[in-house]
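Notes follow once the structure below has been shown.
Numbering (the working numbering), first residue to last: 5 to 594.
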């Protein structure tokens, strides 16, 4: 048995500085290449123990630690909280986490969700209270331990820092966590360590590495013990074509060993698949494995924990997020196939329920998206990897007929097959496409709001709206059956089939048709003058020239209109109130 590197995951709210902190550690600038400035693929950075010793050297007098671990393996989790919930990626395979909080902003929505996830998975974590350099009056020194930086600050600046840190302490206590600034912690088994940092200047990075390595070594030693010769287990982070090599699987190996020539089982869209390892490629330490500045080096075997690339035949259809398992016997092969089959089936599914159609590019992002949609109370009918097809749109259209708010396609980081846009337009199905998860949720919620307004407007078209007309003197074209008279619309709106009443509330008949300039019209508004055919009354007995008539709006329509008065013009409300008052008086008389 030996101790492997702890696997470290970095979580936090968007733009709070996760990637900046990792960049400072690995001296690359991944962030500039990512969608919306937010890291969207999980990369990994191996920080060997000799580098950690070099960075933390100024602290060894105050905090003497004898390192036993071979280093730290950072998983660079994407910027949105849902991505921390990938099984065997950034979640349960993480030994310890860094929760990055902008010290000036405190807890934000994604911070809270990250804490919930860490709590659910029982992953221990330290807090990087980041961006201390942005505190007014802060005096920075590049790459300084925060212990030294604190000595350089004015008293009022230190008080400001304390105020901000205790806001983080208060936020963590809401989730049942006791926490304290790193130099005031009395019991590391019970208190979460908060380290003031600046990803920009590098201040606090020495303490961050020291506490991660020290805490992992002290409290997770049993978990970090691995059998070096056990069959390797890993998670596929990315399937990528490499020039001169072919398709490779970017993998985090978290247990055992993988050797050149090993048989491996991994997941595809169509189920488990088997192949043989042609080459194992490792980056040099301090290189980001997804985009190293130097070429990979081929190795014969890799022990956990490590980030590596596996080159093998027939792996183009491997799914990111799927497990990859080394198999050395028929029994191991059978178990691996069963495990992967169950895992894929639990994430990629189709049900008969009414729900959203969800498409994503990887198993991990699909699972994360389904999880967060369900957490928001939105059911999912189908979850699948791949581009949006006409079939997806058709299925969403069927759902839309049952529940207009769930008849949508949620598409993360995928394209559209030919003709899909036209089909979606024809069937009135929204396709909500994004490559940043939290935005896709926000856009779906916005669409639901718009849809709610649209539904209200549609309801209004089925209601009798308030209208007020005056019969013009000298414009009686026919006295009855139907009576045809010239009118002016004084307020509101009138339409064919609307019932009319007098000013005393007595019903007089129904509008049969309307004409303006000898052409039929479907509605008339304030100021319009036109001829109206009214079925029911006799001019001279029931209605007279100069009379004012109102649309006879039923009581339940009045209530519905008043509930949605923001959807109708102000002038309509005034007429509606007049109509309601007429009906109240008439009701009193009866």
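Glycine included, each C-beta is placed from N, C-alpha and C at the ideal position.
Whole-angstrom C-beta distance between residue j and residue i, which should lie under 8 Å
| i | j | result |
| --- | --- | --- |
| residue 100 | residue 220 | 5 Å |
| residue 388 | residue 363 | 6 Å |
| residue 526 | residue 495 | That pair is no contact at about 18 Å. |
| residue 445 | residue 376 | 6 Å |
| residue 132 | residue 173 | The Cβ separation is near 14 Å, so there is no contact. |
| residue 498 | residue 528 | 5 Å |
| residue 323 | residue 272 | 6 Å |
| residue 305 | residue 240 | At roughly 19 Å, the Cβ-Cβ gap does not stay under 8 Å, so residue 305 and residue 240 are not in contact. |
| residue 122 | residue 129 | 5 Å |
| residue 161 | residue 141 | 4 Å |
| residue 182 | residue 195 | 5 Å |
Span separating the alpha-carbon of residue i from that of residue j
| i | j | result |
| --- | --- | --- |
| residue 456 | residue 345 | 40 Å |
| residue 11 | residue 255 | 13 Å |
| residue 492 | residue 458 | 31 Å |
| residue 570 | residue 116 | 35 Å |
| residue 577 | residue 380 | 36 Å |
| residue 109 | residue 283 | 46 Å |
| residue 189 | residue 417 | 43 Å |
| residue 222 | residue 178 | 27 Å |
| residue 208 | residue 13 | 18 Å |
| residue 470 | residue 579 | 6 Å |
| residue 275 | residue 269 | 10 Å |
| residue 563 | residue 466 | 14 Å |
| residue 18 | residue 368 | 19 Å |
| residue 521 | residue 404 | 42 Å |
| residue 315 | residue 250 | 7 Å |
| residue 505 | residue 511 | 4 Å |
| residue 180 | residue 127 | 14 Å |
| residue 3 | residue 186 | The requested residue 3 does not occur in the structure, where the chain is confined to residues 5 to 594. |
| residue 310 | residue 50 | 7 Å |
| residue 566 | residue 468 | 13 Å |
| residue 484 | residue 550 | 17 Å |
| residue 541 | residue 581 | 25 Å |
| residue 197 | residue 169 | 11 Å |
| residue 165 | residue 159 | 10 Å |
| residue 77 | residue 27 | 14 Å |
| residue 214 | residue 72 | 13 Å |
| residue 400 | residue 321 | 26 Å |
| residue 583 | residue 572 | 16 Å |
| residue 148 | residue 136 | 12 Å |
| residue 411 | residue 419 | 19 Å |
| residue 428 | residue 503 | 39 Å |
| residue 355 | residue 157 | 60 Å |
CB contact flag (residue i, residue j, <8 Å)
| i | j | result |
| --- | --- | --- |
| residue 397 | residue 433 | yes |
| residue 308 | residue 248 | no |
| residue 328 | residue 238 | yes |
| residue 25 | residue 201 | yes |
| residue 53 | residue 74 | yes |
| residue 281 | residue 265 | yes |
| residue 424 | residue 386 | no |
| residue 277 | residue 312 | no |
| residue 326 | residue 348 | yes |
| residue 475 | residue 547 | yes |
| residue 56 | residue 217 | yes |
| residue 384 | residue 359 | yes |
| residue 370 | residue 351 | yes |
| residue 486 | residue 538 | yes |
| residue 543 | residue 515 | no |
| residue 199 | residue 184 | no |
| residue 454 | residue 447 | no |
| residue 134 | residue 206 | no |
| residue 228 | residue 7 | yes |
For residue i, the residue or residues it bridges with in DSSP
| i | result |
| --- | --- |
| residue 195 | 182 |
| residue 58 | For residue 58, which the question treats as bridged, DSSP gives no partner whatsoever. |
| residue 505 | 511 and 554 |
| residue 429 | DSSP lists no partner for residue 429. |
| residue 254 | 242 and 313 |
| residue 353 | 387 |
| residue 270 | 277 and 328 |
| residue 626 | This structure does not reach residue 626, given that the chain is present from 5 up to 594, and the question cannot be answered. |
| residue 66 | According to DSSP, which records beta bridges pairwise, residue 66 is partnered with nothing at all. |
| residue 11 | 77 |
| residue 2 | Since the first and last residues shown for the chain are 5 and 594, residue 2 lies out of range. |
| residue 380 | None; residue 380 has no bridge partner. |
Residue i at chain C interface by Cβ criterion, 8 Å
| i | result |
| --- | --- |
| residue 25 | Absent here is chain C; the protein component of the structure consists of one chain. |
- [ ] Indicate whether the contact test is met: 3 or more Cβ pairs, each with one atom in the segment 582–589 and one in the segment 553–564, closer than 8 Å.
- [x] yes
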